[in-house]
Each structure stands twice: as C-alpha cells, then as structure tokens.
Ligand SMILES: [Zn+2]
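In this note's numbering, the protein residues as written are 3 to 385.
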C-alpha cells in the first residue's frame, strides 16, 4: 500500500471537509507515493509516540491531535515540533492527523468512548444538520419520462445514499393552449390540448439545483416545461459531536464514575465527578476530548451524567452546583476519552487492509498529568 492509498481510505471514513475550520487535519509530512507496511496509531504526536513509530519501523504515524495546529513559518529542528517533523522525515515515517473530522464521524471518537462505557442506542449529542435537499416535481409527456429521468439523474438528481436515478412517477393529464408566438412540441396555436403526462418527482442535493434545472430545460420536449422545485427541511444526520445513550441498567453517580475509571485506559488523572454521588444514572452523554461546550446539549438530551474532559471550575459550579437540577458532570483524562478510538480504528484498518498493512496502537499514556495525590493517599502526619 502507498501512503496515498491508506490516506484515501481514511479520508473516506473521516472526510477532511468535516473538520472544524480552525482545525489542521491531513498529512503533516511524508511522501504520498511511499510504501506503507506498518502503521502506528496514537492520540498525540509527541517524542514518545514518534520514537515508538520509528522503533517499530512504521512508515505512517496516525494521530488524533494535530502536531502543528497554529500557523508556523518553519519547522527548524531546534524547535520541539520542528524536531519531531525532522525525526519523522529522517526515519521515513509520514504523519497523518485525523482530528475533528473523526469527532463528528459515525462511527467516530465518541462512539468508541460510548462503547467502552457500555452505552446502548447512541445518538449524536450535537448532530450535524445535513444541507437541505430540494424536491423536483416535473410534468412530461409519458413517452418522454424515462429519457427525462436519465437526464436529471446525470445532472445529480435522484441520488439517495448508495442509490442513484431514484424517481417516483404517476400518470395524469396535462392541459394547455398555445398562444400566438408559441412553438408547441404538441398541439396547435389557439387550440386547447390535452396530453397524457407523467408527474416525475426526484430529490435534488444541495448545490445541484442549477445543473438539474438546466438539464431539465435541455431534455424536456416542451418549450415551457412545468415544474416545481421545493426546498425540504434540513434533517439531522447520524454524524455529530458527542453521543448520548443508555447504560444497560440504572446505577449511581458514584458507581458510574468507578465504572468509567475501570473501563477507560488508566491515567494518573483518573476520573472524578461533580454532583450527588447517590444520584441515579442511566442516560449518559459523552464527548471524547474537551466537551465543555456541550453541557447544555447534554442537559437538553435528558442525560443524568455527562462524561468528557477538561471541565473548568466555574463551568462545573454553574452547571451542577447552581442549577442543582441533577445533571452530573464526570471529568476524565482528555487522552483516556480519545484513546478507545485508536483500537476501534485499528480494527477497521485491519478489516480493510488484511495483512497488507500491519496496524499497531500505541500504549504510551500521553496524558500530560503524571501525579495525582488524593488526601486519603497521604499518610497521617506526612505534613
Ligand atoms: Zn482531544
């Protein structure tokens, strides 16, 4: 496999166009035409994971977090990030970032987190709205209907999921009277005409309206084809940030927090919770990484608890202590909420590439917190 072939598959699963505008996804370094026999997956591109990739002989390091998120003017080896770029290029390893395009994907980062916690029936917590489609309704003489459907489909109408040329038709009667100056395909000036027509309905994806209407005018036998282009309501899709689902049975916040600490990759940070420890928990919202901005969505989704990372003091005071309406917040280590996705991605890559590409998951804990002392851990008199 070539780097480009692997990245094309990953781009299909995690379209770079889904990434946030501020994000920096894609190939950071590496030659798309180099051969890939081994891949290492990691959350962070840091000295430990770069060294691991090179020691493994991996030709591709895939990380969730960008190495160069903010604009850079150079990658001099004297700078920490530049040094990593140099190390990867010298060691023959390409580096690919799949970040917020993996957060919104389905399956994506939060699906793996929800799976690790045992949540069922997950839906996106912040669903992405799909661009609204239009519905084209056009009336055409019955013998011309198939040809018109072909022409509209070629212009992009009637594409639904893995199907194309989708259309629905009914037979009816059209009537009109050509006036002076008209050049009717059927009938004569001044005479009321009745024609056996077919009403054809096809969806038109956003952005294809102009091309489809142009194709309609070109392919329709009438001088003045009758048609409607109706804008549909935008629907929420299966993609989006965060997930909300149900635990198999009701538990308490205390036990759910312990459960999370048990099933998520171990870190010094551990897992902590804000809220009544005895609060019943069944509906759980999750967001891999920094999900503080989704607290209100979690509340609106009816979550008993929202597990994410990087929750700040004032936000927790306002969302839990002041509101007092029951939503509990569970704060896990940022890395631990995203690391489960690596195993899910590795499984998918192995299924796709078989033995052609050897896929490894880094076990390096790259969460930056390394020491966590609870008061109970300090022996009496240690002060
Ligand atoms: Zn993250």
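Where a beta carbon is used, it is the ideal one built from N, C-alpha and C, also for glycine.
{"Query": "Counterpart residues of residue 232 in DSSP-defined beta bridges", "Result": "137"}
{"Query": "Residue 45 Cβ short of 8 Å to ligand 1 heavy atom set", "Result": "yes"}
{"Query": "Inter-residue Cα distance where the pair is residue 114 and residue 306", "Result": "20 Å"}
{"Query": "Contact with chain D by residue 381, beta-carbon distance below 9 Å", "Result": "Of the protein chains in the structure, only one exists, and it is not chain D."}
{"Query": "C-alpha gap between residue 233 and residue 135, whole angstroms", "Result": "6 Å"}
{"Query": "Close Cβ partners of residue 302 (< 7 Å) along its chain, the five nearest in sequence each way excluded", "Result": "none"}
{"Query": "Residue 67 CB to nearest heavy atom of ligand 1 below 8 Å", "Result": "yes"}
{"Query": "Among 97, 156, 290 and 373, the one whose alpha carbon lies nearest that of residue 117", "Result": "290"}
{"Query": "Continuous alpha helix (DSSP H) assignments of at least 4 residues falling wholly in the region 189-223", "Result": "211-221"}
{"Query": "Per-residue DSSP class, three states only, for residue 253", "Result": "strand"}
{"Query": "Validate contact between the region 32-42 and the region 50-62 using beta carbons, cut 8 Å, 3 pairs", "Result": "yes"}
{"Query": "Anticipated Cβ contact below 8 Å, residue 158 with residue 210, distance rounded", "Result": "4 Å"}
{"Query": "Three-state class that DSSP yields for residue 132 in the structure shown", "Result": "coil"}
{"Query": "Residue nearest to residue 140 in terms of C-alpha spacing, selected from 151, 133 and 130", "Result": "151"}
{"Query": "Residue 76 Cβ short of 8 Å to ligand 1 heavy atom set", "Result": "no"}
{"Query": "Touch test, the region 356-366 against the region 283-299, Cβ-Cβ under 8 Å, three pairs minimum", "Result": "no"}
{"Query": "Residue of 145, 187, 184 and 179 minimising C-alpha distance to residue 171", "Result": "145"}
{"Query": "Runs of beta strand (DSSP E) lying entirely within the region 89-124, each at least 3 residues, in chain order", "Result": "96-99"}
{"Query": "Separation of residue 155 from residue 335, as counted between CA atoms", "Result": "49 Å"}
{"Query": "Under 9 Å between C-beta atoms of residue 339 and residue 266", "Result": "yes"}
{"Query": "Within 9 Å, strictly: CB atoms of residue 186 and residue 125", "Result": "no"}
{"Query": "DSSP state of residue 271 mapped onto helix, strand, coil", "Result": "coil"}
{"Query": "Nearest-angstrom beta carbon gap, residue 69 and residue 86 [assumed within contact, 8 Å]", "Result": "6 Å"}
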